[in-house]
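Residue numbers (the working numbering), protein chains in the order written: chain G, 3 to 151; chain C, 11 to 122.
Glycine residues also receive a C-beta, built at the ideal position from the N, C-alpha and C atoms.
Report on the structure given below.
Okay, here's the thing in structure tokens:
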């Protein structure tokens, strides 16, 4: 099974792995498999692995479900890099421009609340830093989590 | 994701294992609804062995919770600890569910 490529340590970059997936929800399994392998190899703290898996599911699900204006085939790139003191996940897609940081916070008090919107709320809460840029028709989302809480 | 099902004191118990995310939550939610519709009406869902839960998993739980209430049944959760518990709090879900520390506590409260 292909769980993406892995790069050995280099200067300034401890280790990284990368996978390219199709815009199909079942592909998220391959991302989670890659993250699990990478985390096991580098002994990520449990809460860091948990957070990475949750936010990647939220972001990729969002892209696949709402990001495209056509029904065609698209590729999404996911990279995870271990750096001194933190882990960084980068997701790149060619869907329509979408800044998850600009999405409104969900109303957590309403009794008949709808669950939509809470996914991006998780991303903002679980990560220590989230940066969005749009370049050359590509959304770049970079999410950083510190290894020590 | 894997579900292990049992019946104890007329209460159904479902233990979830693995990932509750956008690839698995449809099957998970459909199974909970189907169990709620087949009779007993009381269901304890044990989350202590899940790897993680994303908003798709919460959505399935919320829908099952409403389905249970709509049939005068009850859905209870247990094993909500650590990072899973933290997500319940971040998402404001903690007050939406009946949550017990263990399966035995949930079964004790839900049994007819």
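Residue i: first and last residue of the uninterrupted alpha helix (DSSP H) it sits in
i	result
residue 56 of chain C	It is not in any alpha helix (DSSP H) - residue 56 of chain C instead sits in the beta strand (DSSP E) that spans 52-63.
residue 18 of chain G	That residue, residue 18 of chain G, is in no alpha helix (DSSP H); its beta strand (DSSP E) goes 17-24.
residue 121 of chain G	120-128
residue 37 of chain C	35-47
residue 23 of chain C	From DSSP, residue 23 of chain C is part of no alpha helix (DSSP H) but of the beta strand (DSSP E) over 21-30.
residue 41 of chain G	30-43
Contact set between residue i and chain C, taken where Cβ atoms lie within less than 7 Å
i	result
residue 127 of chain G	100
residue 30 of chain G	31, 32 and 33
Chain A within 8 Å of residue i, Cβ atoms only
i	result
residue 52 of chain G	Within the model displayed, chain A is absent; protein chains G and C are what it includes.
Proximity of residue i and residue j at Cβ, strictly below 8 Å
i	j	result
residue 56 of chain G	residue 124 of chain G	yes
residue 21 of chain C	residue 117 of chain C	yes
residue 84 of chain C	residue 44 of chain C	no
residue 72 of chain G	residue 30 of chain G	no
residue 19 of chain C	residue 121 of chain C	yes
residue 87 of chain G	residue 128 of chain G	no
residue 38 of chain C	residue 46 of chain C	no
Best match in the options for proximity to residue i [C-alpha to C-alpha]
i	options	result
residue 64 of chain G	C:18, C:66, C:12 and C:113	C:66
residue 86 of chain C	C:75, C:27 and C:26	C:75
residue 70 of chain C	C:81, C:41, C:89 and C:83	C:41
residue 33 of chain C	G:62, G:49 and G:43	G:62
residue 56 of chain C	C:19, C:89 and C:72	C:89
residue 107 of chain C	C:78, C:114 and C:30	C:78
residue 136 of chain G	G:37, G:99 and G:33	G:99
residue 131 of chain G	G:102, G:110 and G:140	G:102
residue 50 of chain G	C:103, C:14 and C:93	C:93
Proximal residues of chain G, C-beta to C-beta of residue i below 7 Å
i	result
residue 91 of chain C	Neighbours of residue 91 of chain C on chain G: none; closest Cβ ~12 Å, over 7 Å.
residue 62 of chain C	52, 55 and 56
residue 18 of chain C	What residue 18 of chain C touches in chain G: nothing, since even the nearest Cβ is about 29 Å away.
residue 38 of chain C	What residue 38 of chain C touches in chain G: nothing, since even the nearest Cβ is about 14 Å away.
Where residue i meets chain C, residues with beta-carbon distance less than 8 Å
i	result
residue 27 of chain G	32 and 33
heavy atom of the ligand FMN below 7 Å from residue i C-beta
i	result
residue 87 of chain C	The model on display carries no ligand, and the ligand FMN is accordingly not part of it.
Partners in chain G for residue i, counting only beta-carbon separations shorter than 8 Å
i	result
residue 107 of chain C	In chain order: nothing, as chain G lies at least about 13 Å away.
Boundaries of the beta strand (DSSP E) in which residue i is found, first to last residue
i	result
residue 94 of chain G	88-95
residue 81 of chain G	77-85
residue 134 of chain G	131-137
Exercise. Okay, do the stretch 21-36 of chain G and the stretch 72-86 of chain G touch, 3+ Cβ pairs below 8 Å being the bar?
Worked result: yes
For this session: Would you check if there are 3 or more beta carbon pairs closer than 8 Å linking the stretch 59-73 of chain C to the stretch 84-94 of chain G?
Result: no
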